[in-house]
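Asks: Quick one: the structure is below, and I'll ask about it shortly.
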Amino acid sequence: MPFRMKLASGVAIALVLVIGAGLALTAREQPVEALPSPSPTPVPTVTATPETPSPTTSPTLAPTVAPTQAPTQRPRPTTNVAGMQLMTYYFMTRAAFPIFPPTPQIDFDEPAGENGDAWYRGLNAAGQPIFTVREDYVMTPSTAFHEMGHAYQDLAQRKSAGTDVMAKFWAYRGFPTTWQDALRQANTQTGMAQWVTLPGESWAESFSVAMIGGGHEKTLDYGRTINPVGMKAFFVSLMPAAP
Numbered sequence: 214m215p216f217r218m219k220l221a222s223g224v225a226i227a228l229v230l231v232i233g234a235g236l237a238l239t240a241r242e243q244p245v246e247a248l249p250s251p252s253p254t255p256v257p258t259v260t261a262t263p264e265t266p267s268p269t270t271s272p273t274l275a276p277t278v279a280p281t282q283a284p285t286q287r288p289r290p291t292t293n294v295a296g297m298q299l300m301t302y303y304f305m306t307r308a309a310f311p312i313f314p315p316t317p318q319i320d321f322d323e324p325a326g327e328n329g330d331a332w333y334r335g336l337n338a339a340g341q342p343i344f345t346v347r348e349d350y351v352m353t354p355s356t357a358f359h360e361m362g363h364a365y366q367d368l369a370q371r372k373s374a375g376t377d378v379m380a381k382f383w384a385y386r387g388f389p390t391t392w393q394d395a396l397r398q399a400n401t402q403t404g405m406a407q408w409v410t411l412p413g414e415s416w417a418e419s420f421s422v423a424m425i426g427g428g429h430e431k432t433l434d435y436g437r438t439i440n441p442v443g444m445k446a447f448f449v450s451l452m453p454a455a456p
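Every letter in the sequence shown is one number past the one before it in this note's numbering, and letter 68, counting from 1, is 281.
Right, dumping it as structure tokens:
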């Protein structure tokens, strides 16, 4: 019996060893399942952006401005054709006012485009009135006698050195204050606002109306309507009595 038990024990141990060896072999031969390799995380490629160079700032050059050329002036007239239109009116004036010399001095015409139609430029050394006219101007009685009026003021004043002929004119017309006050006021104005208040222009306009025998003066009359007939008689009265 003991022998049989030992034999059984030995067989059992042997079986255990055989089974253990088989298990070990089985475990060693079983293929190992491969795990999938993780995909490598892509490393972002950094592309260096080439730097765009800043544009070089160039100084802005001011455009070259051509110098403004003065308008070419027309050559001054070398004739007095337009001025000679005054002669008819001059002789008419002299017939009424013998204080005028036999002939005037007519200067060369002024160029077309001048600001004005006709001009009285004073008395020359011989006492002749000096006139000039714009070359393209067609003379009118109003303009002609206006310029004759300017000349008459100088002629009358020269013949009456001790008398203020403008003061007499101012009083005859009934204008306010004095002509000197009006002149000071006129000198604060410009353009036509000045022209209409100048005492000398009032005189010349009154003379023109008197010679034409009608019409209205373009200068300020201060509400005193002109009487052409009476006005002419006043101007005649300023001439010195004949010797």
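Cβ atoms here follow ideal geometry from the backbone N, Cα and C, with glycine treated the same way.
Spatial neighbours of Pro-441 within its chain, please: C-beta separation below 8 Å, excluding the five flanking residues on both sides.
Replies: Excluding sequence neighbours, Pro-441 sits near Val-422, Ala-423, Ile-425, Gly-426, Gly-427 and Gly-428.
Asks: Verify whether the separation of the beta carbon atoms of Thr-356 and Asp-320 is less than 8 Å.
Replies: Cβ distance not < 8 Å, so Thr-356 and Asp-320 don't count as in contact.
Asks: Within 10 angstroms of the Cβ of Arg-287, are there 16 or more other Cβ atoms? Answer buried if so, exposed if not.
Replies: It is exposed - the Cβ of Arg-287 has fewer than 16 other Cβ atoms within 10 Å.
Asks: Using CA coordinates, which residue listed in Thr-390, Pro-324, Ser-373 and Trp-392 is at the minimum distance from Ser-450?
Replies: Minimum Cα distance to Ser-450 is reached at Ser-373.
Asks: Considering Cα atoms alone, identify which of Phe-388, Asn-400 and Leu-336 is closest to Ala-369.
Replies: The option with the nearest alpha carbon to Ala-369 is Leu-336.
Asks: Does Thr-403 pass the burial test, meaning 16 or more other C-beta atoms within 10 Å, or should it be called exposed?
Replies: Answer is exposed; the Cβ neighbour count stays below 16.
Asks: Take Thr-345 and list the residues in its own chain whose beta-carbon comes closer than 8 Å to its own, dropping the five residues that flank it on each side.
Replies: Around Thr-345: Asn-293, Gly-296, Ile-319, Asp-320, Phe-321, Asp-322, Glu-323, Ala-331, Trp-332 and Arg-334.
Asks: Buried or exposed for Gln-398, going by 16 or more other Cβ atoms inside 10 Å?
Replies: Result: exposed.
Asks: If we ignore side chains and look at the alpha-carbon of each, how far apart do Arg-437 and Ala-325 end up?
Replies: In a straight line, the C-alpha of Arg-437 is about 36 Å away from that of Ala-325.
Asks: Drop a sphere of 10 angstroms on the beta-carbon of Glu-242, count the other beta-carbons inside from all chains shown, and report buried for 16 or more, exposed for fewer.
Replies: Here Glu-242 scores only 42 on pLDDT, less than 50, and its place in the model should not be relied on; the value that follows carries that caveat. Glu-242 comes out exposed.
Asks: So what's Asp-346 in DSSP terms, helix, strand or just coil?
Replies: Inspection of the sequence shows that residue 346 is occupied by Val rather than by Asp. Note: Val-346 maps to strand in three-state DSSP.
Asks: From the DSSP secondary-structure annotation, give me the bridge partner or partners of Glu-323.
Replies: Glu-323 is bridged to Arg-347.
Asks: Rounded to whole angstroms, what's the CA-CA distance from Arg-289 to Glu-327? Just pull it up for me.
Replies: Computed Cα separation, rounded: 11 Å.
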